[in-house]
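Only one structure is covered here, and it is reproduced in the block below.
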Amino acid sequence: MESLAVFNSSLSLCYPSDDHFIPKHPRPSPTTSFPAPRIAMPKLEVRCAAQAQSAESKPKEAKLWGGRFEESVTDAVERFTESISYDKALYKQDILGSKAHASMLAKQGLITIPDRDSIHQGLSEIERRIENGEFEWRTDREDVHMNIEAALTDLIGEPAKKLHTARSRNDQVLTDFRLWCRDAIDAIGAKIKHLQVSLVKLAMENEGLIVPGYTHLQRAQPVLLQHLLLAFVEQLERDAGRLLDCRVRLNFCPLGACALAGTGLPIDRFMTSAALDFTAPMKNSIDAVSDRDFVMEFLSANAITAIHLSRLGEEWVLWASEEFGFLTPSDKVSTGSSIMPQKKNPDPMELVRGKSARVVGDLVTLLTLCKGLPLAYNRDLQEDKEPVFDSVKTILGMLEVSAEFAQNVTFNRERIQKSLPAGHLDATTLADYLVKKAIPFRTSHDIVGRAVAVCVSKSCQLQDLSLDELRSIHPVFDKDVYEFLGVENSVKKFSSYGSTGSACVASQLGDWVTKLEITKGV
C-alpha cells in the first residue's frame with residue numbers, strides 16, 4: 000500500500016503544496032485554521048558529503064568569501080563543513096527570500112530596477128532548473144545560499160553580485176529556515192486534522208459499544224469506546240494548539256539583521272518582513288541571528304505529538320493481540336512473518352511506537368546542540384537542519400499511517416462483550432449508590448470492597464449477589480441497587496461533564512463533528 004511504503008521508507012517524503020494565506024495577527028483556533036502551505040515542502044534526501052563530493056565534475060572555484068585567504072581549504076575540511084547535501088531542501092525559501100530582499104534593495108535605491116528585474120528573472124530560472132532536475136548542486140559552493148548565488152552570477156553576471164548587499168548568510172539562513180518551519184507546521188496541522196477526522200468517524204461507527212477502561216493496565220471501569228477514541232482526539236487538539244502557538248512565535252523576520260549588528264545602509268526591514276508574510280521584523284539583530292528557540296519549540300511540539308501517537312499505537316497493538324482480541328486490522332494495514340505462516344502483525348502501529356524515539360531524539364539533539372553556545376552565530380548551528388528535517392518527515396509519516404490504520408480496523412463486539420463481566424467494572428458505581436444513600440464515601444468504599452471479596456470467593460459478579468447477600472454486608476442495600484449493577488447500567492449512571500455517560504459522549508462527539516466539519520454518512 001502506497002502510504003505504508005512511504006512510511007516505511009527512510010529516504011523521502013513529499014509534503015503538501017500550493018498557495019496559502021498566512022494571518023499575521025490573531026492566532027487561529029486549532030485543527031480547522033491551518034492554512035495550506037505557501038511553498039511545496041520539498042523531498043528530503045539523505046546524502047552524505049562524500050557522495051556529494053564524488054558527484055563533482057568541475058574544478059573548485061574561488062569562495063565568495065575568499066578575498067583574504069591565500070590557500071584553499073583541504074578536501075577533508077570541505078567535505079566536513081558542507082551542508083548542501085541536506086540544506087538544498089531550503090531552495091524555495093531561499094529564492095523567495097532573495098526576491099523579497101532584491102525588491103527592497105531596489106525600492107531603497109541600493110540597486111537599480113533593471114538589476115532587480117534581472118535578479119528576479121535569474122532566480123526564477125534557477126528555480127525552474129532545480130524543479131526539473133537540471134541544476135548542479137556543488138559541494139565546493141558549500142550550501143544552498145552560495146550555490147544559488149554563484150549560479151545566479153553565472154547566469155546574469157554583475158547584478159547578482161549586488162544581491163548580498165545588507166545581508167549575511169546568518170540572517171539569510173534563518174529567514175529560509177523560519178519560512179520552511181512555518182510551512183512544515185501547516186503541513187503537520189493538516190495531517191493532525193486528518194487523523195482526528197479518522198478517529199471521530201471510527202467513533203461514529205461504534206455507537207454504544209462498551210469496553211473495559213484500564214488503569215495500571217488492570218480493569219477499572221466500563222467506558223464507551225467512543226469516549227476512549229475521543230480522548231486521543233483531544234490530545235491531538237492540544238498538539239495542534241502547541242504547533243499553532245509555535246507558529247505565532249516563529250513568524251518574525253530576521254532578514255536584514257546581517258551578521259549580528261545590522262547595517263548602516265538604508266534598508267527597510269518592514270518591507271521584506273511583510274513581503275514574506277511575517278508578522279514583523281525581529282527587534283534585536285543579535286537575537287535574530289542566534290535564536291534557535293523556535294526550532295526547539297517546534298521539535299518539542301513534534302515530540303509530544305509523537306508520544307501521543309506512540310500511546311495510540313501501544314493501545315492498538317495490545318488490542319490486536321490474541322490476549323485482548325478487541326480489534327482486527329485489515330490486511331491493508333498488516334504484515335506477516337517470514338517464518339510463521341499464521342502471523343498477522345499490526346506493524347504500522349508498532350513502527351509508530353518505535354519512530355517516536357527518533358522524534359524525541361531530534362529534540363534532544365537540538366537542546367544539546369544549543370546548550371552553552373555564546374552569542375551570536377556559531378557554526379555549530381549548521382547542525383540544526385537535519386534533526387528538524389528528520390522530525391518533520393517522521394511525524395508526517397506517523398500521522399499519515401495512524402489515520403490509515405484507523406480507517407482499516409474493526410472492533411470485535413462479541414469478543415469485547417464476552418470480556419466485560421470480568422474485573423467487577425461496576426464496583427465504583429456501586430459505591431456511588433451507597434453515597435446517594437448518605438453513606439460516607441470511605442465507608443462505601445469499604446462496603447463495596449467486602450462485596451467484591453464475596454464475589455471473588457463465589458466466582459461471580461456483583462450483579463449476581465442476592466439482595467440478602469448484599470444486606471448481610473450492610474443493611475442499607477435495597478432492590479434499587481440492581482439499577483446500578485452491570486456495565487450497561489453503570490455507564491448510564493455517569494453524568495458529570497466530560498464523563499463516559501451516553502449523553503455526555505454524544506455531546507462530545509457532536510462537538511467534534513461540528514468542529515472538524517464532518518459530514519455524517521460520508
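Under numbering that gives the first Met the number 0, the first residue of the sequence shown is numbered 0, with each subsequent residue one higher.
All residues carry an ideal CB built from backbone N, CA and C; glycine is no exception.
With 16 or more other Cβ atoms inside 10 Å of its own Cβ, N301 counts as buried. Secondary structure in the region 156-223: the beta strand (DSSP E) runs of 3 residues or longer, each lying completely within the stretch, are 209-214 and 217-223 in chain order. Beta bridge pairing from DSSP links P328 with V408. Contact holds between the region 107-126 and the region 155-173, because three or more Cβ pairs, one in each stretch, are under 8 Å apart. Between the region 392-403 and the region 337-351 there are three or more inter-stretch CB-CB distances shorter than 8 Å, so the stretches are counted as touching. Comparing alpha carbon positions, the residue from L216, L223, D86 and E124 closest to M203 is L223. Under the 8 Å Cβ criterion, the region 245-254 counts as touching the region 285-298, having at least three qualifying pairs.
Excluding sequence positions up to five before and after A105, its CB lies within less than 8 Å of the CB of T111, I112, D114 and R115, all in the same chain and listed in chain order. Burial is judged here by how many other beta carbons sit within 10 angstroms of a residue's own beta carbon; F440 has fewer than 16 and is exposed. Rounded to the nearest whole angstrom, the C-alpha separation of D153 and E135 is 12 Å. Shown here for I184: same chain residues with a beta carbon closer than 6 Å to its own, the five before and five after excluded, namely L242 and R246 in chain order.
Judged by their CB atoms, R357 and D389 are nearer to each other than the 8 Å cut-off. Nearest C-alpha to A426 among L372, K190, K492 and K478: K492. Between T304 and I394, the C-beta gap is smaller than 8 Å, which places the two residues in contact. Pairing A150 with I187 gives a Cβ-Cβ distance that is not under 8 Å.
DSSP links C252 through a beta bridge to P280.
If you compare the alpha carbons of W511, L515, K91 and V387 with that of E130, the shortest gap goes to K91.
Three or more Cβ pairs drawn from the region 136-143 and the region 70-83 lie within less than 8 Å of each other, which places the two stretches in contact. Around the CB of G448, fewer than 16 other CB atoms lie within 10 Å, so the residue is classed as exposed. In this chain, the alpha helix (DSSP H) harbouring A302 covers D292 to A319.
Here Q462 really is in contact with L484; their C-beta atoms are around 4 Å apart, less than 8 Å. Checking the DSSP bridge columns, you'll see N344 partnered with T334.
Distance check between I191 and each of H307, D510, Q220 and G261 places H307 closest, using alpha-carbon atoms only. Considered as a whole, the region 383-457 harbours 384-405, 412-418, 426-435 and 440-457 as its complete alpha helix (DSSP H) runs of no fewer than 4 residues, in chain order.
Annotated three-state conformation of E148 is helix, per DSSP. Secondary structure of R137 (DSSP, three-state): coil. The three-state secondary structure of N488, taken from DSSP, is helix. In the three-state scheme derived from DSSP, where H, G and I count as helix and E and B as strand, G509 is classed as helix.
The continuous alpha helix (DSSP H) containing I118 extends over residues I112 to E130. Collapsing the DSSP output to three states places S272 in a helix. Less than 8 Å separates the beta-carbon of L374 from that of S289.
The straight-line gap separating the alpha-carbon atoms of G240 and L298 is approximately 14 Å.
Following the DSSP letters along the chain, one finds K91 inside the alpha helix (DSSP H) bounded by residues Y90 to K106. Beta-carbon to beta-carbon, L419 and I209 are separated by about 6 Å, close enough to satisfy the 8 Å threshold. Using a 10 angstroms sphere on the CB of P340, the tally of other CB atoms stays under 16, which defines it as exposed. Sequence-distant Cβ neighbours of V480 in its own chain, meaning closer than 7 Å and more than five residues away, are Y432 and L469.
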